[in-house]
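Step one of this worksheet: look at the structure below.
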Amino acid sequence: MKVRVRGIYTTALTRLFLETGHDVVQASDPIRERFDAEFDAADHDVAVETTTDRQGVGVSGTTDAVAEATDLLSDLGIDTFAWDDPAPTGAVFDARVTETLGGGAICDLGETEGYLSYGDIDGRVEVGDEVRVQVSEAAAPWRDRRHDLTGEIRAIAGLATLDPDSEGVRVDTRDEAAARELAGMTDLLGGDPPEGWGIRWHRDAVDADMGALDDALDRAADIATELDAVLDEPIDAPRVVAAPSATTWVWFGRETRFELDEHRRAVETTMAGHHRTKAASSSASAGVDLAEALCDGVENGEFPFDVVTAQFGPLEGDEVEIGHGKPDGRLITLGAGEVVERDPEGTIEIRRQMSGVGTYDALGIDQETGDVAVTKFREGRWWYPTTYRDSEGSVKGTYVNICTPVECFPDQIRYVDLHVDVVKHADGTVERVDDDELDEAVEAGNISEELAEKARSVASSLESALSE
């Protein structure tokens, strides 16, 4: 399997793929310097790229390669989650317009939705219209955005893309000399694109050898041929017309990030919590690079929670969201609250004013005007408690959520909910709830049995402790 890796996890994942017998291709200069290995400029079977929010990676490529890479990544840590994307990048759909906005339309793709900019399709579309579109950029399930769509259907395959109703050769590079050379070499390749499809080489193709270029062009031509066979079919939305490639999304939890640290540490100076810190923000990522450059050779210790949060947040007075991840890939925001206390050892206390509408789950009591929720998150802990108080300060109950190890990022507390919880009522009664939901998640394949056993163990310990 030939893998291209990009983003903040590149060094760790490069080692992982090399150690498991795979080829890493199109490597950056820093990666070439760090590893005693040969890195070809060959076309890739699968691309592994850090998501824009740095919480995990997207895995895109051929179906078999994506499955193999995803299995490997999923074994990194107990709190790694992976989800197949029903609308992978490059897939072609017949879509139905369900809503029109100022700049584009929301389209029903069947299992998910996409956003089609008016500038990416000929003419304006209206609600109820059926259009043929391609996924130009898929979106992770935990991101609050839809897949980007375009009305221009292309054959996308690694180093090469074929454009329909086009001719000639284009090269995506500012180096005019290199572009001319690559365009000239194209004439010497054995494969030809189907009639009516022009060739566009991506920037990395400039460094590829003739064999890699030939392979890339053949793959793109195969995809174009597949598309030619279906594009004349009448539109019948919503449905998948063609899916030449696959995409999965892999979310890394705290323990996984520390496992990635170990892979990176084997080849490069790596501070404790390297990936945990880099995942926080772009400024935090830059701070890690500086710290490791200054501390090359210094003995590694525990994750420096106090230093990281003091530099990047959250701090007392900051507002932070609670990012309640679900095992099926969704992210639910449980509102935002003020940080009222920050313990250098790893605890963040958040205070939220409740709306006074609805009831408190499992506690079975109504929300009332003036109610306050105080939640204490401790970095790396598999649970967190929320205590609800009324306007007079009396405790209405405590809800303890069992989850993957908590991470306290500057703007959001993150974890994945593991369903089973423990509650303590105002009269002191302790109750364990939602074991059935955990069992259902295991049966559905969203939670591994190992992770479920960890959740049950944590719940049992909390139940015993709260009952004393």
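Heads up: take any position in the sequence shown, counting from 1, add 1360, and you land on my numbering. Ideal Cβ positions, reconstructed from N, Cα and C, are used throughout, including at glycine.
Cα-Cα separation between residue i and residue j, rounded to whole angstroms
| i | j | result |
| --- | --- | --- |
| E1429 | I1725 | Here residue 1429 is Ala; the residue named in the question, Glu, does not match the sequence. Their backbone Cα atoms lie some 47 Å apart in a straight line. |
| F1618 | E1652 | 16 Å |
| E1791 | L1798 | 16 Å |
| G1657 | A1372 | With a pLDDT of 45 at G1657, under the threshold of 50, the modelled position of that residue is not reliable, and the figure given next carries that caveat. So the two alpha carbons sit approximately 18 Å from each other. |
| I1393 | R1560 | Going by the sequence as given, residue 1393 is Glu instead of Ile. Their Cα atoms are separated by approximately 30 Å. |
| D1480 | V1668 | 42 Å |
| K1784 | Y1759 | 6 Å |
| V1680 | F1737 | 12 Å |
| A1825 | N1761 | 14 Å |
| E1305 | D1532 | In the structure as shown, the chain starts at 1361 and stops at 1828, and residue 1305 therefore has no counterpart that could be examined. |
| D1750 | P1390 | 56 Å |
| D1321 | R1625 | Absent from the structure is residue 1321, since the part of the chain shown begins at 1361 and ends at 1828. |
| V1452 | V1601 | 5 Å |
| S1641 | G1716 | 34 Å |
| K1686 | L1650 | 34 Å |
| H1635 | A1589 | 45 Å |
| T1789 | L1723 | 10 Å |
| M1545 | A1539 | 10 Å |
| V1802 | S1808 | 6 Å |
| D1796 | H1779 | 9 Å |
| T1460 | R1506 | 14 Å |
| D1721 | T1449 | 38 Å |
| R1364 | D1794 | 41 Å |
| L1509 | R1530 | 23 Å |
| E1490 | L1587 | 18 Å |
| D1575 | G1518 | 10 Å |
| V1700 | I1516 | 50 Å |
| F1665 | A1644 | 12 Å |
| L1549 | D1564 | 17 Å |
| H1562 | D1535 | 12 Å |
Which residues DSSP lists as bridging residue i, in chain order
| i | result |
| --- | --- |
| F1453 | V1493 and V1600 |
| A1442 | V1610 |
| N1761 | Y1744 and D1781 |
| L1691 | G1685 |
| G1556 | In DSSP, G1556 forms no bridge with anything. |
| A1407 | R1364 and S1420 |
| T1460 | A1465 |
| F1737 | I1708 |
| G1479 | Paired residues: none, contrary to the question. |
| G1437 | According to DSSP, G1437 bridges with nothing at all. |
Three-state class that DSSP yields for residue i in the structure shown
| i | result |
| --- | --- |
| S1420 | strand |
| E1473 | strand |
| E1541 | helix |
| Q1671 | helix |
| T1395 | Inspection of the sequence shows that residue 1395 is occupied by Phe rather than by Thr. Coil. |
| D1703 | strand |
| G1488 | coil |
| H1507 | strand |
| V1658 | Below a pLDDT of 50, predicted positions are generally treated as unreliable, and V1658, at 47, falls in that range; the measurement from the model is reported next regardless. It is coil, neither helix nor strand. |
| I1725 | strand |
| R1617 | helix |
| P1770 | coil |
| P1524 | strand |
| R1816 | helix |
| G1647 | helix |
| E1512 | coil |
| D1582 | helix |
| E1379 | helix |
| V1531 | strand |
| T1719 | strand |
| G1697 | strand |
Cβ-Cβ separation, residue j to residue i (assumed contact under 8 Å), whole Å
| i | j | result |
| --- | --- | --- |
| V1610 | L1433 | 5 Å |
| A1580 | A1498 | Wrong, their Cβ atoms sit about 19 Å apart, outside the cutoff. |
| L1469 | A1500 | Actually they do not touch by this definition, with Cβ atoms about 16 Å apart. |
| F1612 | G1464 | No, F1612 and G1464 are not in contact; Cβ-Cβ is about 31 Å, not under 8 Å. |
| M1361 | V1406 | 7 Å |
| L1691 | W1502 | 4 Å |
| D1523 | W1557 | 7 Å |
| H1404 | V1385 | 5 Å |
| A1397 | A1568 | That pair is no contact at about 18 Å. |
| R1712 | G1730 | Contact flag wrong, Cβ pair sits at about 13 Å. |
| E1698 | I1710 | 7 Å |
| F1663 | A1632 | 5 Å |
Residue i at chain D interface by Cβ criterion, 8 Å
| i | result |
| --- | --- |
| V1776 | Included in the structure is just one protein chain, with no chain D present. |
Would you be able to state if there are at least three C-beta pairs under 8 Å between the segment 1740-1752 and the segment 1764-1782?
Cβ pair count under 8 Å is three or more, so yes.
Quick one: any contact between the segment 1461-1476 and the segment 1606-1617, if contact means 3 or more CB pairs under 8 Å?
Because the criterion of three Cβ pairs below 8 Å is not met, the segment 1461-1476 and the segment 1606-1617 do not touch.
Three or more C-beta pairs closer than 8 Å, one from the segment 1435-1450 and one from the segment 1478-1488: is that the case here?
Taking a contact to require three or more Cβ pairs closer than 8 Å, the segment 1435-1450 and the segment 1478-1488 do not qualify as touching.
Tell me whether the segment 1579-1596 and the segment 1411-1421 touch, counting them as touching only if at least three CB pairs, one residue from each stretch, are closer than 8 Å.
No, the segment 1579-1596 does not touch the segment 1411-1421.
Tell me, please, whether the segment 1587-1596 touches the segment 1414-1427 by the rule of three or more beta-carbon pairs shorter than 8 Å.
At 8 Å Cβ cutoff, the stretches do not touch.
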